[in-house]
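Residue numbers (this note's numbering): 43 to 258.
Heads up, the beta-carbon is just placed ideally off N, CA and C, and yes, glycines get one too.
First comes the structure, then the notes that go with it.
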């Protein structure tokens with residue numbers, strides 16, 4: 043396959059096949075496709091979007107880039123919550139302990155800052171000594187014992203998202219709704235929770251600036 047032809051297809055709003063999306067994501071993850079080349083691909087997605095099939099393929103490839111966490115041995119209803127991000131985004135720090143106090147199990151993988159905002163992990167790491175790089179065993183043990191654990195992304199779980207996430211931050215593609223959706227859902231599906239809550243931010247301090255974008 044030719045990466046330039048794939049980028050050109052997306053520029054022309056043509057449909058990308060599962061094989062083409064696999065080629066792009068795996069090529070970027072392996073280093074065969076350079077940052078500046080994949081940035082062009084992300085920009086084409088920002089401008090022209092992804093259709094439902096493309097978004098499904100894109101998200102599935104990100105999930106398949108690493109391992110998943112099995113929460114089946116943990117008793118109770120497992121809940122995860124994720125925000126689309128924006129100014130004042132601190133709900134995770136409040137709602138997680140509330141759910142845990144109500145007896146639910148909160149198993150959350152969070153990201154770092156994107157664009158002009160700080161991520162949940164950045165906020166937690168501002169606390170001296172707070173540990174966000176949990177091993178899978180520590181993560182599961184903490185969820186089981188105290189009902190909540192928040193961990194940063196690792197190179198083992200959805201590594202493609204971690205790499206794409208960082209590139210979006212410096213390539214002007216933070217606000218792409220399909221890329222936001224795939225990033226969020228890849229992390230949520232990889233952690234195998236029973237319930238996923240999506241906090242869609244809307245307004246001047248969010249990546250979705252109006253209600254129409256948020257509903258979309």
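Candidates the options: closest to residue i by CA position
i	options	result
residue 190	231, 244, 164 and 134	134
residue 231	53, 210, 95 and 120	120
residue 151	107, 228, 139 and 98	228
residue 72	206, 89 and 253	206
residue 111	98, 149 and 96	149
residue 142	117, 164 and 161	117
residue 55	178, 93, 69 and 80	93
residue 132	234, 212 and 163	163
Span of the alpha helix (DSSP H) around residue i
i	result
residue 208	201–213
residue 51	45–53
residue 71	60–72
residue 56	Taken as a continuous stretch (DSSP letters only), residue 56 belongs to no alpha helix (DSSP H), as it is neither H nor E.
residue 100	94–106
residue 230	219–232
residue 165	162–167
residue 255	253–257
One or two residues paired with residue i in a DSSP bridge
i	result
residue 241	125
residue 85	For residue 85, which the question treats as bridged, DSSP gives no partner whatsoever.
residue 120	147
residue 248	128
Beta-carbon proximity list for residue i, same chain, < 8 Å, skipping 5 on both sides
i	result
residue 219	91, 250, 255 and 258
residue 221	84, 87, 88, 206, 210 and 215
residue 48	58, 62, 65, 66 and 83
residue 100	63, 67, 92, 220 and 224
Span of the beta strand (DSSP E) around residue i
i	result
residue 152	147–152
residue 193	190–194
Contacts around residue i, its chain only, beta-carbon distance under 6 Å, and the 5 residues preceding and following it disregarded
i	result
residue 242	126 and 256
residue 146	119 and 121
residue 175	194
7 Å Cβ shell around residue i - same chain, five flanking residues per side excluded
i	result
residue 172	166
residue 79	45
Check whether the segment 54–67 and the segment 180–199 are in contact - that is, three or more C-beta pairs closer than 8 Å. no
For the segment 85–100 against the segment 180–189, do three or more pairs of beta-carbon atoms, one drawn from each stretch, fall closer than 8 Å, so that the two count as touching? no
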